[in-house]
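Engineer: Residue numbers (this note's numbering): 303 to 601. Glycine is no exception: its CB is placed at the ideal position from the N, C-alpha and C atoms.
#1: In terms of alpha-carbon separation, which member of 449, 456, 353 lies closest to residue 465?
#2: Buried or exposed for residue 339, going by 16 or more other Cβ atoms inside 10 Å?
#3: Residue 369 and residue 572: beta carbons closer than 8 Å?
#4: In chain order, what residues of the same chain have a beta carbon less than 7 Å from the beta carbon of residue 541, not counting five sequence neighbours either side?
#5: By how many angstroms is the C-alpha of residue 422 removed from the C-alpha of residue 563?
#6: Note the first and the last residue of the continuous beta strand (DSSP E) segment covering residue 596.
#7: In chain order, which continuous runs of the alpha helix (DSSP H) of length 4 or greater are located wholly inside the segment 401–466?
#8: Comparing alpha-carbon positions, which option in 457, 488, 471, 478 lies nearest residue 357?
#9: Along the beta strand (DSSP E) that carries residue 501, what are the first and last residues, could you check?
#10: Under 6 Å Cβ to Cβ from residue 532, same chain only, skipping five residues before and after it: list those, please.
#11: Does the segment 382–402 come close enough to the segment 415–433 that 3 or more CB-CB pairs lie under 8 Å?
#12: Give me, in chain order, the residues of the same chain whose beta-carbon lies closer than 6 Å to that of residue 303; leave out the 5 immediate sequence neighbours on both sides.
#13: With a threshold of 8 Å, are at least 3 pairs of Cβ atoms found where one atom belongs to the segment 494–502 and the other to the segment 406–418?
Shown next, in the form of structure tokens:
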């Protein structure tokens, strides 16, 4: 018995090469697996230029009455003042002597933390060259009051009347977070070309010394727990371009201090004071109504 003849197998169909042309119905042709799996093009880094024309961030601190407010008033004007310490009325006659009254513009209705922030976000700053916060020490007190009034306890039933009510260390962190918003507000003005001056009162603090004995030095009076956490003082030092200590010249002999009333501006770190500057390194004499500091500092 003979078998039926077999038909030759049909040649395998070749898959058409992917086409970039759309199909007849108007839809794009499907991509091949290789195309679909291709990685996206790598993002390319962009380079800019060093910014020019931004304002400087300056901290002035020292003992009461040494001339911090007057020095700030001699900065490039017009100078807008948050006069939280109510210093300007007492200095009006002195400012008139130095011809500063026309350049100094007190900011009205800045009595609370929110008032300060609202003013910084308001319009009307055109033409102002320097913003002074007098003082940041007082502003921190307003930040504490604002925090207590607006930040609830983790347990809602607990009423907050003081920072300690938040629990160990938590109140300091809340105030720290509140204060950082002010630095952000001020940064908007420095980016617009305005200088910012924070005036602080002074305090003494023990400096830990890994190489030997600890010692005392002057520092801005801002929140700085011994743990170093939530330290507004240290954060402001990092934020500022210049931290300048204003001190009286004192000669100490046999445990007794004497001086003639002369004053010095310290722009660099020394054992007796916290300080820094991005533009100057040598101490300068502090002379009433002298503007040479700003000429050298704001380069």
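Structural biologist: With the given structure in hand:
#1: 449
#2: exposed
#3: no
#4: 359, 485
#5: One C-alpha to the other measures close to 37 Å.
#6: It is not in any beta strand (DSSP E) - residue 596 instead sits in the alpha helix (DSSP H) that spans 594–599.
#7: 415–423, 438–452
#8: Among 457, 488, 471, 478, the Cα nearest to that of residue 357 belongs to 488.
#9: 497–509
#10: For residue 532, where only same-chain residues beyond five positions count, the Cβ hits under 6 Å are 474, 475, 478.
#11: Yes, since at least three Cβ pairs between the segment 415–433 and the segment 382–402 fall closer than 8 Å, the two stretches touch.
#12: For residue 303, the predicted model reports a pLDDT of 49, less than 50, meaning its position is unreliable; a value from the coordinates is still stated below. Excluding residues within five positions, none has a Cβ falling inside 6 Å.
#13: No, they do not touch.
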